[in-house]
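Letter by letter, the sequence shown follows residues 1 to 748 of full-length UniProt numbering.
Scroll down for the structure; my scribbles are underneath it.
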Amino acid sequence: MEKKEGRKIVESLGCLAGERDEEEEEIEIEQHKGDGTDLGGEEVEMEYGGGREGGGMNGNGNGGGGSAWAGALSPAARYAESGGASLTWENLTAVLPGAGGRATKKLVQGLYGYAVPGRVVAIMGPSGSGKSTLLDALSGRLARNVLLTGKVLLNGKKRRLDYGVVAYVTQENVLLGTLTVRETVTYSALLRLPSTMSKAEVRRVVDDTLDEMGLRECADRNIGNWHLRGISGGEKKRLSIALEILTRPRLLFLDEPTSGLDSAAAFSVIETLRQLAVDGGRTIVSSVHQPSSEVFALFDDLCLLSSGECVYFGDAKLAPQFFAETGFPCPSRRNPSDHFLRCVNADFDDVAAAMKGSMKLRAEADFDPLLKYSTSEIRERLVDKYRISEYAMMVRNTIHEISKIEGVIEEVVMGSQASWCKQLTTLTRRSFTNMSRDFGYYWLRIVIYVLMAVCLGTIYYDVGTSYAAIQARASCGGFVSGFMTFMSIGGFPSFIEEMKMFTLERQNGHYGVAAYIISNFLSSMPFLLAVSWASASITYWMVKFRPGFSYFAFFALNLYGGVSVIESLMMIISALVPNFLMGLILGAGVIGIMMLTSGFFRLLPELPKIFWRYPVSYIVYGSWGLKGAYKNDLIGLEFEPMMPGQPKLTGEYIITKMMGLSLNHSKWLDLSMIFVLLFAYRLIFFLVLKAKEAAAPYIRVAYTRFTIKRLERRASFRKTLAMSSMSKRHNQPHPMAVQEGLNSPLPY
Ligand SMILES: Nc1ncnc2c1ncn2[C@@H]1O[C@H](COP(=O)(O)OP(=O)(O)OP(=O)(O)O)[C@@H](O)[C@H]1O
Ligand SMILES: [Mg+2]
């Protein structure tokens, strides 16, 4: 019995607010007819967008889209027929499962819609209404803790939409602050435009894009970072958009591209997007916050959200008509988008309450429905009315038509058309430029390493060959290969920043994983060589380790290998953890373990055999580094004995008898092993990134199923669903991830 009920809930998750039984619909229509008439009345003036192509409905203004083109394709479907990328979504629901007794939250529920080539869709709604969530859900970039059900189809087919299929300008700007605007756009162009394009052609594309986005004036200014004041917030936003429109993507998502812009700049940005859609047959979906009436008039379709529910989806020109029919007409001199948001934003209740104090408004309240009803009442009426309206029916019909269109040749959508070598060289140059300009990335570390080397040199100055010097040389070697490499952890914040940039660019398909990893290695190499060479030369000559260039070179290379291995380890950690603090803690812990098993704090033969000796001491760099350092320094030297008169102690004797190390292999093999580990760690980094990409949909499916099962047991969750649970006749819910990972072995 319990199980049966649970099953019902799972099935209903996908249709929280979507479909209703026909019987229910009939009843609702009746009710709303009664409701609507006494609220409405005022005639709506269609002040904007009147003559634009692709108007949704017949001129009689009855909203009867379903019948207006009986037998023919709807206008949106006709756009879809022309080719390009058509996106449809059905019954899209995103749920944030409550943990630790917290209630489950529906972020968006039962959304239907479409985006077709040549048209711009605006997603509007108050803050927190689910605009970004909808964009993330459509582009396969939703946070892992959110459950998603529903259906998203690209040209009638299921497919993954991340990693290059959708270009997405996120709400947050992720840019390299040390580069200038022009450099940023140029690097991005070189990374993605075909390698066959000449330098002049690339420059032209870059200049055109800078002009289009109004970035010419600030083209040669730095973007700015923590210590460098750069371009303004609005310019950063325009730059982020410029980077994505550079390659004219088929499917472009933008999250609030006009925030932080004045109305003229906002108009020019949206106008550019519209040109892109109309001239290039591109499909554009953009969330937008409180657009001016001029900007609003540029949108073709409107998706109005409130608390995750759809208040209206359809032709933007028909939205005022829908509001009028529901009893909330837009006053003739009010910006329609302001009016829509005024109707659905609960915060306006406080504003209305304050305004009601004035006598004039008290009189007006009798006529203005917005002052007569609370926002939650208005919102509820609009949502209910829309759900059963012909506008909603028209959307479903259009979705059906679009997904049935045959013969639309799906372009092989690729984020980058540049060759792998071009990507590698461009990324290496970009990364090197950034590292060399950011004082905090490597320069500061070089300074600290040099200071540390001077400290070490003065403490162990001219260590000599006395009996006590054996211990001193061992500790000095232990410090260099242990603590000096440990200091690489200082670069962690920069790694996290890099990973943020990588994740965003990778999801937009700018370049491949291997190109990124190799470029990161190559660009950091000169700095790491400088770090190790500078500190090694100071320490080596001050302490007076064994003289000879080859011994010095070994010492420096050993340090370089250790620092590079730690860097690679930190990169792996930064790919695994979600934030800087966790990475720092985890990284410090792992390096601590590495130092413990290096053979300095406990001699290698004395380490517990199981686990610590085999395999840990073999797979950490420390033991190889220390063995090599001892051999390099001690072999061939003779030390004073403990008691005068005893024979001198040879380096070989110290290594074998006092440190318990074998001399079966040379120090060069020890050094090579560090470089083998370096390669292995980079390979692991590559595999981690690849696995994260490949496994994401599977993890999402498993997580969704597991969480739904867990939530089924909760009475509160069942209640939440029961309140909005509708017929499951039309829509079989299923985890979204099943369609994201098309190769998923899990049953649909
Ligand atoms: N991964 C997540 N974990 C927890 N809460 C989330 C998550 N994603 C979204 N939310 C919540 O969902 C709601 C909608 O968020 P969303 O970012 O989609 O709003 P928005 O309409 O884009 O708002 P804004 O205009 O302020 O950007 C918010 O209350 C947010 O806190
Ligand atoms: Mg948002």
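Glycine is no exception: its CB is placed at the ideal position from the N, C-alpha and C atoms.
Remember, predicted model here, so these are calculated numbers, not experimental data.
Using a Cβ-Cβ cut-off of 7 Å (strictly less than) and excluding sequence neighbours within five positions of residue i, which residues of its own chain qualify?
i	result
residue 26	Confidence in residue 26 is poor, its pLDDT being 32 and thus under 50, which makes the residue's placement unreliable; the coordinate value appears in the next sentence. If we look at residue 26 and ignore the five residues flanking it on each side, it has no Cβ neighbours.
residue 482	595, 598, 600, 622
residue 693	163
residue 67	Interpretation of residue 67 is limited by its pLDDT of 44, a score under 50 that renders its predicted location unreliable; no figure is taken from the coordinates.
residue 518	424
residue 527	435, 442
residue 499	574, 575
residue 532	556, 559, 560, 563
Express the C-alpha separation of residue j and residue i in angstroms, rounding to a whole number.
i	j	result
residue 378	residue 322	13 Å
residue 285	residue 191	24 Å
residue 153	residue 215	35 Å
residue 199	residue 511	19 Å
residue 443	residue 489	14 Å
residue 405	residue 73	10 Å
residue 557	residue 264	58 Å
residue 107	residue 133	7 Å
residue 79	residue 115	10 Å
residue 542	residue 462	6 Å
residue 182	residue 505	18 Å
residue 614	residue 602	15 Å
residue 267	residue 236	17 Å
residue 711	residue 147	11 Å
residue 663	residue 656	7 Å
residue 210	residue 135	26 Å
residue 749	residue 683	The structure shown does not extend to residue 749, since the chain is modelled only from 1 to 748, so the question has no answer here.
residue 450	residue 610	39 Å
residue 42	residue 703	With a pLDDT of 33 at residue 42, under the threshold of 50, the modelled position of this residue cannot be trusted; read the value that follows with caution. Those two C-alpha atoms are separated by around 50 Å.
residue 572	residue 275	42 Å
residue 479	residue 636	22 Å
residue 672	residue 640	32 Å
residue 569	residue 587	8 Å
residue 540	residue 468	19 Å
Quick check on residue i: buried or exposed, where buried means 16 or more other Cβ atoms within 10 Å of its Cβ?
i	result
residue 706	exposed
residue 137	buried
residue 421	exposed
residue 646	exposed
residue 303	buried
residue 453	buried
residue 212	buried
residue 643	exposed
residue 109	buried
residue 774	Because the chain in this structure spans residues 1 to 748, residue 774 falls outside the shown range and cannot be described.
residue 335	buried
residue 699	exposed
residue 167	buried
residue 161	buried
residue 97	buried
residue 554	buried
residue 668	exposed
residue 618	exposed
residue 309	buried
Is there a Cβ of chain C sitting closer than 8 Å to that of residue i, yes or no?
i	result
residue 147	Structure shown: chain C not included; a single protein chain is present.
In chain order, what residues of the same chain have a beta carbon less than 8 Å from the beta carbon of residue i, not counting five sequence neighbours either side?
i	result
residue 178	222, 223, 225, 228, 433, 434, 437, 438
residue 580	492, 493, 496
residue 248	276, 280, 282
Pop quiz: residue i and residue j are said to be a contact at Cβ under 8 Å. What is the actual Cβ separation, rounded to whole angstroms?
i	j	result
residue 520	residue 431	6 Å
residue 184	residue 243	7 Å
residue 701	residue 501	Not quite, the Cβ-Cβ distance comes to about 28 Å (not below 8 Å), so this is no contact.
residue 316	residue 299	5 Å
residue 90	residue 112	5 Å
residue 419	residue 195	4 Å
residue 401	residue 77	4 Å
residue 301	residue 121	4 Å
residue 250	residue 282	6 Å
residue 278	residue 118	6 Å
For residue i, which residues from the same chain have a beta carbon less than 6 Å from its beta carbon, with the 5 sequence-adjacent residues on both sides left out?
i	result
residue 291	337
residue 218	181, 231, 235
Exercise for the section: Measuring from each Cβ to the nearest heavy atom of ligand 2, keep the ones under 7 Å and list them in chain order. Expected result: Selection around ligand 2 by beta-carbon proximity, strictly under 7 Å to any non-hydrogen atom, yields 131, 132, 171, 255, 256, 287 in chain order.
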